[in-house]
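K.L.:
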């Protein structure tokens, strides 16, 4: 191991009040391995008898320092003490631990890969936002249980059909159509246009109870409630899902038939 | 053993491999023990502190910073444990003023301690080393016995390199003076002076 760091400069010892006579300083430098025996400084000092004597003495001391005293073998007692505090694991056990770790990591990777795949193929499956309640579900629930749905959200979906026709359809035309249709849905206090992550592939996937609005648009029907026009400005319209909530609580028990009436 | 090889062994030891832990112990026990022996002058202390240092290190291998060498870490722990021991025990042989220890009569108690001191008294070098200040002794031992470079000693002891060189210079000079004094003095007088 080199005892001198590359590019290191030699310190001036005068600040420590050292006896800066030539031999002493040169001897220190030599013993600190800052200069070699071949250096001119060492050769000059070596011509002095006092330097040689001091050097010989120091080298004997250094040699004796390097001679290690008898060292007991502490390995067994150390390992036993370590084992008491933190037991060693047998090779078989370490193999099991390694296998367990590898399988855990592989499972995690597989799970993440699966999530990524599902996210890519069926993004709506992993949508963690509050899922919209399709009107058909509301109707079905009401018809079965006839429970009040007061206050619940009626959620519709407007989706752009992912066809060439739909993408080329002018939105300026779609917006008034949508507004008129919404007017027929009843009083809404909140229309939320969500990103187009819930885009429907075709009208068929919308299911019964949906109304096509214009070319390439579908909207849920929510039944006939209080009429109020709701026009979405063309500039603010984006294809995607809209969430409709009634301004007033719906009357006590809803007859499903009232929700299915024709547009 | 290269640093990379050492890290492989350390990983195995951290995973609970007794063989790898044993390898680390066998590789470093001599250097740590001799360092502690030269620092304390007492084989029993060197043995205890060496054992405890290894136990601490081997049970905390997962905390090891791989930027450093195992030996540097081990010596840091060993030094701290030895300093703690000095604080708690104030050992009779570990003093810079040799004559300042012992009982009221100026001699330590009979028994194990005395026998150990007698054994140590035969070691002129050790006796001379004990006349150095703690810092001088440590720097001299690390540099000349352990072969550590000055920059590493400076880092390890958290002091400027100039200070390390200063301790080296003074330590060597004092060591030489002490050794010539010990060698030229009659043995009984030396025993008195040591005790």
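Residue numbers (the working numbering), protein chains in the order written: chain A, 8 to 270; chain B, 644 to 838.
Ideal placement from N, C-alpha and C gives every residue a C-beta, glycine not left out.
Values in this document were obtained by computation on a predicted structure and should not be read as measured data.
Does any C-beta atom of chain B lie closer than 8 Å to the C-beta of residue 110(A)?
P.N.:
In the first chain, the residue the question calls residue 110(A) occupies position 103. Not one chain B Cβ lies under 8 Å of residue 110(A).
K.L.:
Closer than 8 Å, Cβ to Cβ, to anything on chain B: give me those residues from the segment 67-94 of chain A, in chain order.
P.N.:
For the segment 67-94 of chain A, which is checked against every Cβ of chain B, the residues closer than 8 Å are 68, 69, 71, 72, 73, 75, 76, 78, 79, 80, 81, 82, 84, 85, 86, 88, 89, 90, 92, 93 and 94.
K.L.:
Taking 8 Å as the CB-CB cut-off, is residue 62(A) touching chain B?
P.N.:
One-based indexing of the first chain puts residue 62(A) at position 55. No - not a single Cβ of chain B is within 8 Å of the one on residue 62(A).
K.L.:
DSSP three-state label for residue 116(A), please.
P.N.:
Reading the first chain from its first residue, position 109 is the one you call residue 116(A). Residue 116(A): helix per DSSP, three-state reduction.
K.L.:
On the criterion of 16 or more Cβ atoms from any shown chain inside 10 Å, does residue 103(A) qualify as buried, or is it exposed?
P.N.:
To locate residue 103(A), count along the first chain from 1; it is residue 96. Exposed, since its Cβ has fewer than 16 Cβ neighbours within 10 Å.
K.L.:
Quick check: is the beta carbon of residue 824(B) nearer than 8 Å to any beta carbon in chain A?
P.N.:
For the purposes of this step, residue 824(B) is identified with residue 181 of the second chain, where counting begins at 1. Cβ-Cβ to chain A under 8 Å: no for residue 824(B).
K.L.:
Using a 10 Å radius around the Cβ and a threshold of 16 neighbouring Cβ atoms, would you call residue 780(B) buried or exposed?
P.N.:
By 1-based counting over the second chain, the position of residue 780(B) is 137. Answer is buried; the Cβ neighbour count reaches 16.
K.L.:
Since residue 778(B) and residue 810(B) are thought to touch, with beta carbons under 8 Å apart, how far apart are those beta carbons, to the nearest angstrom?
P.N.:
What you label residue 778(B) is simply residue 135 of the second chain in a count that begins at 1. What you label residue 810(B) is simply residue 167 of the second chain in a count that begins at 1. That pair is a contact at about 5 Å.
K.L.:
Where does residue 42(A) fall in DSSP's three states?
P.N.:
What you label residue 42(A) is simply residue 35 of the first chain in a count that begins at 1. Coil, per DSSP.
K.L.:
How about residue 672(B): is its C-beta nearer than 8 Å to some C-beta of chain A?
P.N.:
By one-based count along the second chain, residue 672(B) stands at place 29. For residue 672(B), the answer is yes, since a Cβ of chain A falls inside 8 Å of its Cβ.
K.L.:
Counting only C-beta atoms, is residue 702(B) closer than 8 Å to chain A at any point?
P.N.:
Numbered from 1 along the second chain, position 59 holds the residue referred to as residue 702(B). Yes, its Cβ sits closer than 8 Å to a Cβ of chain A.
K.L.:
What three-state label does DSSP hand residue 693(B) in the structure shown?
P.N.:
Stepping through the second chain from its first residue, residue 693(B) is reached at position 50. Of the three classes helix, strand and coil, the one that applies to residue 693(B) here is helix, per DSSP.
K.L.:
Where does residue 769(B) land, buried or exposed, given buried means 16+ other C-beta within 10 angstroms?
P.N.:
Reading the second chain from its first residue, position 126 is the one you call residue 769(B). Residue 769(B) is buried by the Cβ-count criterion.
K.L.:
Just checking: is the beta-carbon of residue 102(A) within a distance shorter than 8 Å of some beta-carbon in chain B?
P.N.:
Here the question's residue 102(A) lines up with position 95 in the first chain. Chain B, which has no Cβ nearer than 8 Å to the Cβ of residue 102(A), makes this no.
K.L.:
Return helix, strand or coil for residue 32(A), following the three-state DSSP convention.
P.N.:
Within the first chain, residue 32(A) is the residue found at index 25, counting from 1. Helix.
K.L.:
Just the C-alpha distance for residue 690(B) and residue 78(A), rounded to the nearest angstrom, thanks.
P.N.:
Here the question's residue 690(B) lines up with position 47 in the second chain. Here the question's residue 78(A) lines up with position 71 in the first chain. Approximately 9 Å between the Cα atoms of the pair.
K.L.:
Please look up how many angstroms separate the CB atoms of residue 672(B) and residue 84(A), rounded, as I've assumed it's under 8 Å.
P.N.:
Taking the second chain and counting its residues from 1, the one referred to as residue 672(B) is at position 29. Taking the first chain and counting its residues from 1, the one referred to as residue 84(A) is at position 77. About 10 Å separates the two Cβ atoms, so there is no contact after all.
K.L.:
Go ahead and pull the three-state DSSP assignment for residue 83(A).
P.N.:
Numbered from 1 along the first chain, position 76 holds the residue referred to as residue 83(A). DSSP places residue 83(A) in helix when its eight states are reduced to three.
K.L.:
Since residue 663(B) and residue 655(B) should fall inside the 8 Å C-beta cutoff, what is the C-beta to C-beta distance between them, to a whole number of angstroms?
P.N.:
The residue you call residue 663(B) lines up with position 20 of the second chain. The residue you call residue 655(B) lines up with position 12 of the second chain. Yes, they are in contact, since the Cβ atoms of residue 663(B) and residue 655(B) sit about 4 Å apart, within 8 Å.
K.L.:
First and last residue of the alpha helix (DSSP H) that includes residue 727(B)?
P.N.:
Position 84 of the second chain holds residue 727(B). That run of the alpha helix (DSSP H) goes 713-732.
K.L.:
On a CA-only basis, which of 659(B), 771(B), 812(B) and 807(B) is nearest residue 72(A)? Give me that one, please.
P.N.:
Looking up residue 72(A) in the first chain gives position 65. Here the closest residue by C-alpha is 771(B).
K.L.:
May I ask you to verify whether the segment 787-802 of chain B touches the segment 714-724 of chain B, counting CB pairs closer than 8 Å and requiring at least 3?
P.N.:
The answer is yes - the segment 714-724 of chain B touches the segment 787-802 of chain B, with three or more Cβ pairs under 8 Å.
K.L.:
Could you give the DSSP three-state label for residue 57(A): helix, strand or coil?
P.N.:
Walking along the first chain from the start, residue 57(A) turns up at place 50. Here residue 57(A) sits in helix by DSSP.
K.L.:
Please list, in chain order, the chain B residues whose beta carbon lies closer than 7 Å to that of residue 38(A).
P.N.:
As a working note, residue 38(A) is residue 31 in the first chain. By Cβ distance, chain B contributes 815.
K.L.:
Quick check on DSSP: helix, strand or coil for residue 684(B)?
P.N.:
As a working note, residue 684(B) is residue 41 in the second chain. Reduced to three states, the DSSP call for residue 684(B) is coil.
K.L.:
Relative to chain A, which residues along the segment 788-802 of chain B have a C-beta separation below 7 Å, given in chain order?
P.N.:
Per Cβ criterion, the list reads 788, 790, 792, 793 and 794.
K.L.:
If you check the beta carbons only, do residue 807(B) and residue 825(B) fall under 8 Å apart?
P.N.:
Within the second chain, numbered from 1, the residue matching residue 807(B) stands at position 164. Within the second chain, numbered from 1, the residue matching residue 825(B) stands at position 182. No; because the gap between Cβ atoms is not below 8 Å, this pair is not in contact.
K.L.:
Taking the alpha-carbon positions, what's the residue 114(A) to residue 711(B) distance?
P.N.:
Residue numbering aside, residue 114(A) sits at position 107 when the first chain is read from its first letter. Residue numbering aside, residue 711(B) sits at position 68 when the second chain is read from its first letter. C-alpha separation (whole angstroms): 34 Å.
K.L.:
I'd like to check one pair, residue 34(A) with residue 58(A): are the Cβ atoms closer than 8 Å?
P.N.:
For the purposes of this step, residue 58(A) is taken as residue 51 along the first chain, with counting starting at 1. For the purposes of this step, residue 34(A) is taken as residue 27 along the first chain, with counting starting at 1. Against a cut-off of 8 Å, the Cβ pair of residue 34(A) and residue 58(A) comes out as a contact.
K.L.:
If you measure between the beta carbons of residue 784(B) and residue 644(B), is that distance less than 8 Å?
P.N.:
By one-based count along the second chain, residue 784(B) stands at place 141. By one-based count along the second chain, residue 644(B) stands at place 1. Cβ atoms of residue 784(B) and residue 644(B): not closer than 8 Å.
K.L.:
Does the distance from the CB of residue 722(B) to the CB of residue 65(A) come in under 8 Å?
P.N.:
Your numbering for residue 722(B) matches position 79 in the second chain. Your numbering for residue 65(A) matches position 58 in the first chain. Their beta carbons are not under 8 Å apart, which means residue 722(B) does not touch residue 65(A) by this criterion.
K.L.:
Give me the Cα-Cα distance between residue 45(A) and residue 69(A), rounded to the nearest whole angstrom.
P.N.:
Looking up residue 45(A) in the first chain gives position 38. Looking up residue 69(A) in the first chain gives position 62. Answer to the nearest angstrom: the Cα atoms are 20 Å apart.
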